[in-house]
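My numbering puts the first residue of the sequence shown at 772, with every later residue one more than the last.
Where a beta carbon is used, it is the ideal one built from N, C-alpha and C, also for glycine.
Let me begin by presenting the structure, written as structure tokens, before commenting on it.
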Amino acid sequence: MSRQVPPGPVGHATSPSAHRPGPGRHPWRAVRRWATGLLATVACAGAAGIGAPGAVAAPTAPAPALSMAMSPLAVSFASAGIELPFYYTITNTGGQTLTRLTVHNSLPRITTNLCLEETLAAGQTTNCLAVYTTTEADVTRGGVTNAAIASAVPPTGPAVTSSRSSVTIPALAAPAVALFKSSFDYTFSEAGQLVSYIYRVANTGNAPLTGVTVHDPHPGLSPLGCQETTIAPGAATFCFARYTTTAADVAAGEVTDTATATATPPTGPAVTSNPASRTIRTPRPWLGLTTSVAPAHYSAGTTLRFTYIVENSGNVVLNDVTVTDTLPGLSPVACPSTRLRTGESMTCTATYTASPADVARGSVTNSATAVGTAAKGGGRPTAGPATATAFAAGPATPGTRPSQPLTFLVPVPFPLPVG
């Protein structure tokens, strides 16, 4: 600066008032000195950056920022294979445009996120959707938890991310167990005979089961052994036990007992199956026989077909099953088998050709019997006799053809007038 402010007293700040003209001095010279000092003071203050006119700080660019909220569109699931949608609301909360919007999920095998927009202007909001398919492991864990963050890229600098969002969808556990009981043996015939039981325990719920146990309180039953004690949903295991029949069982003619199964799900109380019973009886062979004939009416030379239905309605296998028909002239009775298991049936056939004598007789009737041999010494049950009748076709009867004119001769006991 070309001019300096005259120094004031040492230890005091210099101010323009120190040079203000006082009384008795030369008026113009005093005013000039005072003005010069004031301008010099303002100029020096401006040079130091204090109150300098036009000194405005450069504006700072707003920082990029991103927010995300995630919500499930399903409140629960009950089994594997269920599709669970997740909905995301994402907002650009900063002051810069963001591109390459991406959602990152913690769940594996989740579908690619579908977003309405991948570029967000400042303050803009968009939505995304992703779908996850549940597994058996999710059911076992009792639910599905997904954690997600969103990321995007500003014009300059590194990518920005949202805060972490997490949701859990619970699995609706519905544990259940079912028991089916059967046996290798259908009958017993004496005391001391071993009878084997089979127990099939099935997991009919949607949660894994552990500690599978079969309870069969029948006295004298051997300890139960199971192949597995843990069953996944939809799976089953088998258990086995044996029993030795007694004289009391022979006298009663049967042995019946009832069992139940229990198992423990991951959470909650144990589940119990339905009661399952099995009855094993002493041999009770039974053979049934029915017969029929077609056609129902015949003439000379007509072939009549006789059909025989043979059924094993007992509780033992029947061997050497045969059908005998006493109708003279009938062909041999043909059967597809000679063995019938319990509850099985078979159809046998034979043919007969009607003769003029059968037409004169008016009908043909057969008489059939069946016999078999019961397994395990159960005897030889028989069935019949069973019969079926076919009738001869008769001559035409007047009146069966209404359109045909009929003529009747009526004798008259007195003469009729003529003319």
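DSSP bridge partner residues for residue i (one or two, in chain order)
i	result
D1028	R1049
L1111	L1089
G1059	E1082
D1096	A1139
L1075	Y1123
L837	N863
P843	F857
V1042	A1034
V744	Residue numbering for the chain in the displayed model covers 772 to 1190; residue 744 lies beyond these limits and cannot be assessed.
C1010	Y970, C997
A1019	DSSP lists no partner for A1019.
Supposed contact pair residue j and residue i - C-beta distance, whole angstroms, cut 8 Å
i	j	result
V1135	Y1123	7 Å
A1139	T1093	About 11 Å; that fails the 8 Å criterion.
T1008	Q998	5 Å
P835	V931	5 Å
R1055	L1089	The pair is not a contact, with the Cβ atoms about 12 Å apart (cut-off 8 Å).
A1146	V1087	5 Å
Alpha-carbon to alpha-carbon, residue j and residue i
i	j	result
T981	P926	57 Å
T1168	T1158	In this prediction, T1168 scores a pLDDT of 43, lower than 50, which makes its location untrustworthy; the coordinate-derived value is nonetheless stated afterwards. Roughly 29 Å separates the two Cα atoms.
T1097	I1051	38 Å
L891	T939	28 Å
P929	A845	35 Å
A944	T1035	12 Å
P856	G1039	28 Å
S922	F848	29 Å
H986	F955	19 Å
P994	S1084	34 Å
T1033	Q964	29 Å
Y970	L950	7 Å
I1080	P990	42 Å
S933	P946	40 Å
R912	I853	15 Å
P1107	Y1069	27 Å
P979	Y903	21 Å
A962	N974	37 Å
G1100	T1113	33 Å
W1057	T1120	21 Å
P879	Y968	46 Å
L1191	T905	Only positions 772 to 1190 of the chain appear in the structure, and residue 1191 is not among them; the question remains open.
R1132	T1078	22 Å
G866	E889	17 Å
Within 8 Å, strictly: CB atoms of residue i and residue j
i	j	result
A1161	P1046	no
D1091	T1153	no
D1129	A1163	yes
G976	P941	no
T1053	T958	yes
A919	N876	yes
V1026	V966	yes
V874	V948	no
N884	C899	yes
N1049	D1028	In the sequence as displayed, the identity of residue 1049 is Arg instead of Asn. In contact: R1049 and D1028 (Cβ atoms closer than 8 Å).
N863	L887	no
G1155	L1060	yes
A1030	K952	yes
S937	A840	no
Contact test: residue i Cβ vs the ligand ADP heavy atom, cutoff 7 Å
i	result
A949	Among the ligands in the structure shown, none appear at all, so the ligand ADP cannot be discussed.
Give, in chain order, every unbroken run of the beta strand (DSSP E) that is at least 3 residues long and sits entirely within the stretch 925–1006. 936–941, 948–954, 965–974, 981–986
Completely contained alpha helix (DSSP H) runs for the stretch 845–929, where each covers 4 or more residues: 907–912
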